[in-house]
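A.B. asks: Using my numbering, the first residue of the sequence shown is number 3, and each one after it goes up by one.
Once you've had a glance at the structure underneath, I'll fire off some questions.
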Amino acid sequence: MKQVSCALTIAGTDPSGGAGIQADLKTFQELKSYGMSVITSVVAQNTTGVSGVHHLPIEMLKDQLEAIYSDMPVHAFKTGMISNVSMMKAIAEWVPNLSAPYVMDPVMVAQSGDPLIDEESRVWLRENLLPLTSIVTPNIPEAEDILGGTIESGEDMKEAAQQMVTRFGAGAALVKGGHIKGEAVDFLYDGSGIHTFTSERIETKNTHGTGCTYSAAITAYLSQGAPMVEAVEQAKHFVTEAIRHSFDLGNGSGPTNHFATREEVFNKWL
């Protein structure tokens, strides 16, 4: 029997379906990895912003992690929204149980600008959780928050990626250039060199859940055994097409299209 590649997401929810757990599971499914999820927080949000957050009790978080670990294989996993230090400590204690790549999407602020974690949690994430990762995937504001500096150019992005590995111990760092004008250029530092991933910038406001989708795609490809650089390259293509064929839904920033790479979608929409 063919072995199924299994990918796990540990994150908050998005009832509008564009980000969080929902986006991760859609991405895993599209990329043919079996998706599993552990919920950290239930978030009331849509394309216009966040209106409420309920953090699950720590024991429930631990119970979910144990339920997966005791019964299912995990070939790669990612974290998204982890709202407080207690959650981070529970996850950090669990990480060594796995011999699987760990992808961190350091979700700190919603696309709408709503803060999602407090300062104490940001510090703990930076100092204790980041060194456990195989790769961290910040956008520019998140990278600035982690490093405490300003990023204004491609050279700054490269330096930031290197610093996250050499200074904070991440296995690799992908700094995404969505917030800088021009081509959408991302820089990956994997401990040995800088790798550049470029795509045209697609003019659309519908980018809700882009970071979740990108990191989930990396997780899916890693779960299937892809090398890190190849996983990022394929994930970059997946998220670019998801943005290209994004949905004009809701009153704010609409969601990306998780089935954009299907052949029939290309035939219909191109």
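C-beta atoms are modelled at their ideal positions from N, C-alpha and C, and glycine is treated no differently.
Note that the coordinates shown come from a computational prediction; the quantities given were computed from them, not determined experimentally.
1. Quick check on residue 47: does DSSP put it in helix, strand or coil?
2. Tell me, to the nearest whole angstrom, how far the beta carbon of residue 131 is from that of residue 106; I am working on the premise that it is less than 8 angstroms.
3. Whose C-alpha, out of 79, 166, 182 and 8, is nearest the C-alpha of residue 200?
4. According to DSSP, simplified to helix, strand and coil, what is residue 13?
5. Quick one: grab the DSSP three-state call for residue 18.
6. Can the beta-carbon of residue 135 be found less than 8 angstroms from the beta-carbon of residue 178?
7. Should residue 53 be labelled buried (16 or more other beta-carbon atoms within 10 Å of its own) or exposed?
8. Can you say whether residue 14 is buried or exposed, counting buried as having 16 or more other CB atoms within 10 angstroms of its CB?
9. With a Cβ-Cβ cutoff of 8 angstroms, do residue 55 and residue 72 count as a contact?
10. Please state if the CB of residue 81 and the CB of residue 39 are separated by a distance shorter than 8 angstroms.
11. Does the beta-carbon distance from residue 211 to residue 263 come in below 8 angstroms?
12. According to DSSP, simplified to helix, strand and coil, what is residue 208?
13. Apply the 10 Å Cβ neighbour rule to residue 24 and answer buried if 16 or more other Cβ atoms are within range, or exposed otherwise.
14. Report the three-state DSSP secondary structure of residue 56 (helix, strand or coil).
15. Using 8 angstroms as the threshold, is the C-beta distance between residue 30 and residue 237 below it?
16. Can you find the residues in the same chain that come closer than 6 angstroms, C-beta to C-beta, to residue 86, ignoring five residues on each side of it along the sequence?
17. Please work out which residues of its chain come closer than 6 angstroms, Cβ to Cβ, to residue 254, disregarding the five sequence neighbours upstream and downstream, and give them in chain order.
18. Do residue 276 and residue 190 have their CB atoms nearer than 8 angstroms?
C.D. replies: The relevant details are as follows:
1. strand
2. 7 angstroms
3. 182
4. strand
5. coil
6. no
7. exposed
8. buried
9. no
10. no
11. no
12. coil
13. buried
14. strand
15. no
16. 123
17. 49 and 50
18. Missing from the structure shown is residue 276; the chain here goes from 3 to 272 and no further.
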